[in-house]
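In what follows, a single structure is set out as structure tokens and then discussed.
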Amino acid sequence: MRKPVIFILIIALIFTFISPFIFSKYLEDVPETLEQSFLFGGPFPYAKQSVTVSDDSSSYPKVIEFTSPLDAETSIQWIPFLLNILSYFLLFFSIYSITSRFINGRATRKEKEDQP
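Per my numbering, the sequence shown runs over residues 7 to 122.
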């Protein structure tokens with residue numbers, strides 16, 4: 007059981023690191039200040055980036071995409087980050103458990119009693 011847990015934890019970490027690139031922000035109108043801080047990630051946003059948006063009202067609605075942490079300064083909020091890992095881990099572990107139970111099956115009480 008130890009190997010599947012480690013494998014699922016690694017998959018949860020990968021999905022957590024990829025999630026800011028999947029979930030983007032949407033601005034419908036020009037904000038009051040042009041320097042905005044956005045949280046990216048999902049299901050709990052954890053990666054914070056500051057973005058300067060344009061003041062041209064014709065460019066709205068606008069979708070703000072997450073840029074690489076190597077290209078822009080990014081701060082990590084640790085509690086949502088850990089909640090993301092936990093939520094993805096629980097999701098994938100439940101899928102693994104259901105699938106392995108369906109494939110392998112579990113011995114019923116009668117089968118257990120019949121075994122020597």
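Where a beta carbon is used, it is the ideal one built from N, C-alpha and C, also for glycine.
Just so it is clear, the structure is predicted and the values come from calculations on it, not from any experiment.
Residue i: first and last residue of the uninterrupted alpha helix (DSSP H) it sits in
| i | result |
| --- | --- |
| F13 | 8 to 28 |
Which residues DSSP lists as bridging residue i, in chain order
| i | result |
| --- | --- |
| R56 | A small correction: the amino acid at residue 56 is Ser; Arg does not occupy that position in the sequence shown. DSSP lists S43 as partners of S56. |
| Y32 | V69 |
| S81 | K54 |
Beta-carbon proximity of residue i to residue j, cut-off 9 Å
| i | j | result |
| --- | --- | --- |
| V59 | L40 | yes |
| Y102 | I14 | yes |
| E79 | S56 | yes |
| Y5 | W84 | Examination of residue 5 is not possible in this model, given that the chain is present from 7 through 122 alone. |
| F27 | F46 | yes |
| F29 | F72 | yes |
| A18 | I91 | yes |
| P10 | S106 | yes |
Cβ-Cβ separation, residue j to residue i (assumed contact under 8 Å), whole Å
| i | j | result |
| --- | --- | --- |
| S25 | G48 | 5 Å |
| E38 | Y66 | E38 to Y66, Cβ: 13 Å. No contact. |
| T22 | F87 | 7 Å |
| V36 | D77 | Between D77 and V36 the Cβ distance is about 24 Å, and since that is not below 8 Å, they are no contact. |
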